[in-house]
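Down below is the structure, laid out as structure tokens.
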Amino acid sequence: MAKYSIHAGHNSFVPGAQGFIKEEVVNRQIKNAVINDLRAAGHTVYDDTDDQAKTQNENLAAIVRKINSHTNLSLVVSIHLNAGGGTGIEIYQPDIRTNGVAQRVLNAVCAVTGLKNRGVHTNSSLYVLRNTTAPAILVECGFVDHQSDATFVSTHTDAIGRAIAEGILGSTITSKKSRAASPKVASPKKEAAPSSVQTASLLRRGSRGSTVKVVQQNLIHAGYSVGSAGADGVFGVATETAVRALQRDSGITVDGIVGLQTQIALSQALRGGLAVVPYPGHIIKRGSRGRDVERIQRALSLSVDGVFGPATKKAVKAYQRRHNLSVDGIVGSETWNTLF
């Protein structure tokens with residue numbers, strides 16, 4: 000069996016990229032899943048994450064020192080998240096000897112996330128890649144400052160970890176042990192990033208807190224109004240109505256409760272800025288009625304009655320004006336795709 004070194008970059012003293020989620024929180028969840036799956040497959044795995052260093056230089060040096068203390072490593076994997084306004088998954092390597100495994104890991108993670116494939120890049124300037132004696136790759140698991148990336152990655156860390164492990168091995172991991180023994184989240188729940196989406200418990204009317212606020216923000220971003228109070232962290236009637244609308248549009252159980260199935264539907268609604276329901280294929284204008292009108296009204300934070308009347312037309316025209324669209328008060332494909 001092979002020997003691997005896996006680590007998550009940064010730590011609480013040397014924080015990584017910040018956005019909708021915290022890199023140093025989520026990358027540890029992914030790292031734990033990778034280690035768990037590789038060990039379940041019978042391999043020796045060293046966790047060379049550093050949680051003690053107080054500066055970036057000390058952090059990087061500590062990681063490399065741990066890695067190079069091992070002998071006969073088959074591969075070193077550094078787990079990170081990206082930032083800078085992009086979207087997708089990419090991998091860095093110091094030279095071409097890791098081309099095969101890097102491409103396998105990249106393809107596997109892109110397949111499980113559905114995120115953009117940004118390619119494998121050769122870069123010998125990155126400290127860990129440059130200074131480890133064993134072959135190494137650095138995996139950028141999505142962008143913390145891209146909402147759909149952040150939402151999907153933070154709610155699917157086990158799946159991403161499994162994909163990385165399978166890419167490393169070049170085979171499917173089927174052991175039940177790996178999923179049953181999945182490590183706990185690296186940081187205590189009370190220290191989790193406020194915008195990290197937690198799916199361990201259900202959210203319903205009456206729920207409160209930062210997790211509710213994140214769901215509300217994502218609903219708004221996907222085109223569902225949560226009421227005049229906006230994302231206030233209180234799961235009230237308006238939020239329940241928005242959740243039910245999302246569930247109905249997504250073809251899942253309509254109960255107004257946010258569980259894993261609804262989180263996945265919301266992630267899909269956010270991913271790539273695509274609407275849950277594609278453009279229906281016909282214009283929607285004054286006099287139109289039905290679910291498509293309801294969706295437009297929710298997106299524009301109007302009273303929802305499913306009737307395209309004067310108020311809806313006025314709101315559509317205002318939206319078109321703000322977004323430099325043809326101002327006619329009619330929702331065609333261009334307005335629909337911009338709106339959602």
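Be aware that the sequence shown starts at 0, since it is given in numbering that gives the first Met the number 0, and climbs by one per residue.
Each residue gets a CB set at the ideal place from its N, CA and C atoms; glycine is no exception.
Asked	Found
Please return the same chain residues whose Cβ sits closer than 8 angstroms to the Cβ of Thr-121, not counting the five positions on each side in sequence.	Tyr-91, Gln-92, Pro-93, Asp-94 and Ile-95
Go ahead and pull the three-state DSSP assignment for Arg-103.	helix
If you scan the region 103 to 160 from start to end, which runs of the beta strand (DSSP E) of 3 or more residues do you find wholly inside it?	116 to 121 and 135 to 142
What separation, rounded to the nearest whole angstrom, lies between the Cα atoms of Ala-244 and Val-253?	8 angstroms
Ile-167 and Val-119 - do their beta-carbons sit closer together than 8 angstroms?	no
What residue does the beta strand (DSSP E) around Ile-90 start on, and which one ends it?	88 to 92
Here's the rule I'm using: 16 or more other beta-carbon atoms within 10 Å means buried, otherwise exposed. How should His-322 be labelled?	exposed
Distance check for Tyr-3 and Asp-148, CA to CA, integer angstroms please.	27 angstroms
Check Asn-81 in the structure and name its three-state DSSP category.	strand
On the three-state DSSP scale, how would you describe Gln-17?	strand
Indicate the three-state DSSP secondary structure (helix, strand or coil) for Leu-37 in the structure shown.	helix
Using a threshold of 8 angstroms, state whether the C-beta atoms of Val-108 and Ile-88 are closer than that.	yes
At which residues does the beta strand (DSSP E) containing Thr-43 begin and terminate?	43 to 46
Ends of the beta strand (DSSP E) at Tyr-3?	2 to 7
Quick one: give me the first and last residue of the alpha helix (DSSP H) that Gln-55 is part of.	55 to 67
For Thr-156 versus Ile-29, is the C-beta distance shorter than 8 angstroms?	yes
Determine the burial state of Arg-161: buried for a count of at least 16 other Cβ atoms within 10 Å of its Cβ, exposed for fewer.	buried
Rounded to whole angstroms, how far is the Cβ of Thr-48 from the Cβ of Ala-7, which I believe are closer than 8 angstroms?	5 angstroms
Taking the C-alpha atoms as reference points, what is the distance between Gly-208 and Gln-215?	11 angstroms
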